[in-house]
Structures are given as structure tokens and as C-alpha cells.
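Worksheet for the structure shown next.
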Ligand code: NAD
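Residue numbers (UniProt numbering): 1 to 479.
Structure (C-alpha cells):
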């Protein structure tokens with residue numbers, strides 16, 4: 001196995017990054033590009049031994065990093081952000097080659113946001129202080145103490161963006177990190193290790209281990225020296241991680257799947273509502289927040305569907321490296337199987353494909369809209385994680401709310417209406433971590449982010465991230 005591979009001309013180290021050194025493994029796993037199925041390289045396949053080494057490195061580096069003055073930690077995080085900015089082109093093309101998401105959004109949206117993750121949490125750290133307060137002449141001083149080594153486990157649909165959304169606040173808080181990226185998109189995490197080292201992050205503060213979750217995951221999440229586990233991924237994996245973490249009562253933050261609704265009321269700006277619906281095919285539908293259930297008020301359903309089909313037909317599906325492409329491939333042949341399984345079972349049960357309903361060439365799935373579905377069907381209740389939407393109609397706010405809330409998820413919801421008062425009434429009744437009114441995907445890093453019900457446990461973002469990654473301590477001093 002060669003230690004470095006060239007991906008679109010960028011050299012990527014395929015080994016782990018532990019204690020400031022590149023470490024190989026005896027085994028490897030193959031990493032393929034979803035664009036054409038080509039083999040990108042063999043990646044180090046870690047297991048319990050690598051997990052142990054990485055946690056040990058994080059534990060050893062913790063006292064030094066935790067006591068590094070905040071201003072110095074913030075300076076290094078800014079240097080990491082600068083390093084990301086310098087490498088935006090490289091990071092963007094490697095990510096696109098590895099996970100198939102659009103190059104133009106990696107270039108202009110995602111990678112600048114990766115840099116912003118570091119700057120934002122570095123700056124937020126410096127403002128993080130509670131006022132002291134008094135109790136019968138005694139002062140209370142609340143401090144945000146670093147918690148210790150953190151295990152961060154991330155998915156493939158937005159690899160570096162989701163990883164740094166955890167890495168940045170964990171490091172800012174004074175913690176050390178073991179990052180385990182998804183095995184279907186392992187490459188940019190390795191580049192992040194390079195960027196962090198160049199920025200002067202001390203050895204062992206950030207460690208990156210590669211491998212299958214089932215092989216390296218348990219050893220990481222059940223480790224007694226790990227003080228926090230933050231996981232973004234699917235509900236079944238989250239349940240396994242929660243069980244593993246229970247051995248040490250390690251605090252968990254879980255950002256999981258969704259089956260979010262887009263409610264379109266008859267008084268909505270219909271063009272806007274259609275645009276919001278079409279946006280749900282972004283990243284080939286592989287977005288946790290995607291509003292995959294279109295709920296449309298009866299009087300406008302026909303016109304909405306007509307305009308929606310017109311717009312979707314104009315979308316260009318193809319190579320994600322081309323500027324003109326709107327929808328790229330899906331991540332993996334197994335994911336494609338899963339998507340098609342959902343669609344074919346729904347069609348067999350009587351659903352109607354208004355558009356799509358089948359695979360395209362290679363690893364592409366045709367953007368699909370299914371109607372004539374029932375609320376208790378799998379296609380309405382389960383997360384597909386592909387370019388597949390359902391459309392149901394409703395009459396009035398009560399039915400809209402009933403349908404919207406009737407799943408085991410509660411990640412997000414979007415409401416399209418021209419009536420502000422209706423928006424307030426409806427959003428108050430929705431079960432969701434984020435609700436957008438007449439917009440979608442507007443995200444501020446200071447807002448709490450997470451899901452209700454089985455969409456997650458806890459919130460991250462702004463102060464909420466530091467709530468999770470710190471041990472809060474109250475010191476009471478006598479007069
Ligand atoms: P997944 O649960 O299969 O894997 C996620 C990560 O967990 C991977 O790194 C994997 O290797 C690791 N893993 C697997 N088994 C493990 C174990 N036993 N112990 C420790 N780690 C283990 O999820 P996925 O298919 O990579 O990602 C898609 C899912 O992620 C979807 O459900 C999507 O909605 C969700 N997601 C949620 C958010 C959010 O912010 N709420 C964001 C993006 C994706």
C-alpha cells in the first residue's frame with residue numbers, strides 16, 4: 001500500500017494521523033470515486049489498536065492544550081482557517097472526487113465555510129464568560145473548563161464541513177480530538193491533519209483515524225479516557241454508539257437523520273415554494289435537513305406539481321466537476337441499492353412516480369417525486385437519503401400539522417406561506433430543531449443546531465457547542 005495517493009493532482013496521505021505522526025495499518029480498505037467508480041486508493045484500515053493509540057495521544061496532549069491560553073488557542077485556530085483558505089481549490093476537488101458533491105458548491109460554499117467554522121469558534125471562545133454573581137456576599141464564578149479527549153465521528157455527505165463543525169469548537173474549548181471520518185469519504189480529513197500541523201497545532205491535539213465504524217468504532221466510543229463523543233450519522237449507528245458510551249456514561253451529542261416536511265399553504269408565493277422544493281435535490285438528496293416530504297394545500301397542489309415538474313426537468317444531472325451540473329451521483333452502489341429499494345417498494349404498493357422512479361446511468365438516481373402515498377408507508381416514514389421526494393396534500397392547518405409531525409424524526413421543517421400570523425401559529429406546533437419560514441438552509445453558527453425525537457440528542461452551535469464540549473464549574477468564594 002502506498003502512503004500517498006494522488007487525487008486530481010493533490011497528494012493525500014492514506015495513513016492515520018496519531019500523535020503528530022503518520023501511522024500505517026496492516027490492513028486497508030478501498031476508496032472509490034462515486035463519479036465513475038474508479039479506485040482512488042487503499043486507505044489505512046484501523047481497529048482497536050489504532051483507536052487505543054489515538055486516544056492515548058489525545059490524553060497525553062490534553063494537559064498542555066487545555067492550559068494553553070485562550071488567545072493562543074484562538075490564534076492557532078485562525079491559522080488553520082488561513083491554511084484552509086489557501087487550499088480551497090485542493091480541498092474542493094478532493095472532496096468532490098471522493099464524495100461526488102458539486103465542485104462549485106465545495107469551492108464557493110462549503111470550503112469557505114470550513115474555514116469559517118474555525119474562525120467563528122475561535123472568536124466565540126474569546127467572548128465566552130459568564131458574569132460573576134453574588135450569593136449572600138459570596139461570589140460565584142462560572143468557568144468553562146476543557147472536558148478532555150473527544151471522539152468525533154462523522155458521515156460522508158458533507159465530510160469536511162461536518163467534521164470541522166465539531167473539531168473547531170472541541171479544540172477551541174481546550175479539548176483534544178480523535179476524528180473518525182466515514183469510510184466512503186476519508187480523504188479531506190487527512191488533508192485537514194496536514195493543514196493543522198502546518199498551522200502549528202501541537203502533536204496529539206488533533207488525531208485522525210481511518211477505518212470502518214464497526215471495526216474501530218466500539219473501541220473509541222467505549223474508551224474510559226474519552227470525555228465526549230459527538231456523532232453525526234444514522235439512527236441505528238447512534239443507538240449502537242449510545243450503548244457503547246453507556247459503559248462510562250460518556251456524554252454524547254447526536255446529530256441524526258430526518259424526514260423533514262415542506263408545508264406549502266395556498267397563500268404562499270408559489271414560485272418561491274417550488275424553488276424551495278427543487279432545492280431538496282441538492283447534493284443528490286443526501287442532506288440530513290432535506291425537506292423530503294412535500295405537503296401541499298389542496299387548492300394549489302396541481303399547479304404546484306406542474307411548476308415543480310417543469311423546473312426539475314430542466315435540472316442537469318451529470319459530472320459534479322462541471323460548473324453546469326445541478327445534481328451529481330450518489331455516494332456508493334450500496335446507497336443506490338437502498339434508494340431504489342425504497343422507491344420500488346413504494347411503487348409496488350401503489351405510489352405514482354410523477355417524475356423519476358428509476359436509476360440513471362452509473363451511480364446516478366433520477367430525481368424522483370412520488371404521489372399517491374399513505375402516511376404510514378415506509379417511503380413517508382423512513383429516511384431515503386437520495387433524490388426522492390413524496391407529495392401529499394392537506395386541507396387546513398390542523399391536517400398540515402398532523403402530517404408534518406407524524407414521523408419519529410424532528411430535525412427540520414420548512415413553511416411556505418404569505419401570512420405571517422399563520423407562520424407563527426404553525427411553527428409553534430411543529431416538532432423540529434430548525435424551522436425555516438419562506439427560506440431554506442439559512443444557517444448561522446451561533447444558532448442551536450440539532451434534532452428532536454430520533455433526529456438527535458442535544459444541540460451544538462455557538463454557546464451550545466461550548467456547553468457540550470466544556471465541563472462547567474461554579475466556584476463560590478467567601479467574602
Ligand atoms: P452512518 O451512521 O452509517 O455512519 C456515520 C459514521 O459512523 C461513519 O463514520 C461510520 O464509519 C461510523 N460508524 C459506523 N458504525 C459505527 C460504530 N459502531 N461505532 C462508531 N462509529 C461507527 O451514517 P452515514 O450513512 O455515514 O450518514 C448518513 C446519515 O447521517 C443520514 O442518516 C443523515 O441524515 C445523517 N446526517 C445527519 C446530519 C445532522 O446534522 N443531523 C448531518 C449529516 C448527515
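Even glycine gets a Cβ: it sits at the ideal position worked out from N, Cα and C.
How is residue i classed by DSSP in three states: helix, strand or coil?
i: residue 347; result: helix
i: residue 24; result: coil
i: residue 98; result: helix
i: residue 480; result: The structure shown does not extend to residue 480, since the chain spans only 1 to 479, so no value can be given for it.
i: residue 165; result: helix
i: residue 481; result: Because the chain here runs from 1 to 479, residue 481 falls outside it and cannot be looked at.
i: residue 112; result: helix
i: residue 477; result: strand
i: residue 426; result: helix
i: residue 353; result: strand
i: residue 359; result: strand
i: residue 77; result: helix
i: residue 175; result: coil
i: residue 106; result: helix
i: residue 69; result: coil
i: residue 384; result: coil
i: residue 306; result: helix
Per DSSP, which residues does residue i bridge with? Please list them.
i: residue 470; result: 146
i: residue 41; result: 31
i: residue 135; result: 138
i: residue 297; result: 394
i: residue 389; result: 369
i: residue 17; result: 22 and 208
i: residue 230; result: 152 and 253
i: residue 12; result: 5
i: residue 456; result: 255
i: residue 261; result: 293
i: residue 436; result: 414
i: residue 180; result: 153
i: residue 317; result: 327
Would you mind sorting residue i into buried or exposed? The rule is 16 or more other CB atoms within 10 Å of its CB.
i: residue 145; result: exposed
i: residue 142; result: exposed
i: residue 41; result: buried
i: residue 131; result: exposed
i: residue 322; result: exposed
i: residue 326; result: buried
i: residue 421; result: exposed
i: residue 133; result: exposed
i: residue 442; result: exposed
i: residue 368; result: buried
i: residue 476; result: exposed
i: residue 135; result: exposed
i: residue 253; result: buried
i: residue 419; result: exposed
i: residue 183; result: buried
i: residue 138; result: exposed
i: residue 31; result: buried
i: residue 280; result: buried
i: residue 224; result: exposed
i: residue 465; result: buried
i: residue 378; result: exposed
i: residue 155; result: buried
i: residue 2; result: exposed
i: residue 345; result: exposed
i: residue 36; result: exposed
i: residue 271; result: exposed
i: residue 329; result: buried
i: residue 425; result: exposed
i: residue 38; result: exposed
i: residue 474; result: exposed
Hey, would you say the C-beta of residue i is under 7 Å away from at least one heavy atom of the ligand SAH?
i: residue 139; result: The model depicted lacks the ligand SAH and carries the ligand NAD instead.
On the premise that residue j lies in contact with residue i, defined as a C-beta separation below 8 Å, what is that separation, rounded to the nearest angstrom?
i: residue 409; j: residue 451; result: 7 Å
i: residue 446; j: residue 461; result: 6 Å
i: residue 238; j: residue 256; result: 5 Å
i: residue 149; j: residue 227; result: 6 Å
i: residue 166; j: residue 230; result: 5 Å
i: residue 500; j: residue 179; result: Look at the range of the chain in this structure, 1 to 479, and you will see that residue 500 is not part of it.
i: residue 209; j: residue 423; result: The Cβ separation is near 45 Å, so there is no contact.
i: residue 76; j: residue 207; result: 16 Å between Cβ atoms; not a contact.
- Message: Check whether the segment 369-377 and the segment 394-401 touch, using three or more Cβ-Cβ pairs below 8 Å as the test.
- Response: no
- Message: Is it the case that the segment 404-414 contacts the segment 426-436, given that we only count it when at least three CB pairs across the two stretches are under 8 Å?
- Response: yes
- Task: For the segment 43-55 and the segment 73-85, state whether three or more C-beta atom pairs, one from each stretch, are separated by less than 8 Å.
- Result: no
- Is the segment 88-107 touching the segment 7-14 in the sense that three or more CB pairs, one from each, lie closer than 8 Å? Verdict: yes, contact present.
- Message: With three or more beta-carbon pairs closer than 8 Å as the criterion, would you say the segment 210-228 touches the segment 50-63?
- Response: yes
- Three-pair Cβ contact test at 8 Å for the segment 259-273 versus the segment 349-361: no
- Task: Check whether the segment 288-295 touches the segment 112-121, counting contact only when three or more Cβ pairs, one atom from each stretch, lie closer than 8 Å.
- Result: no
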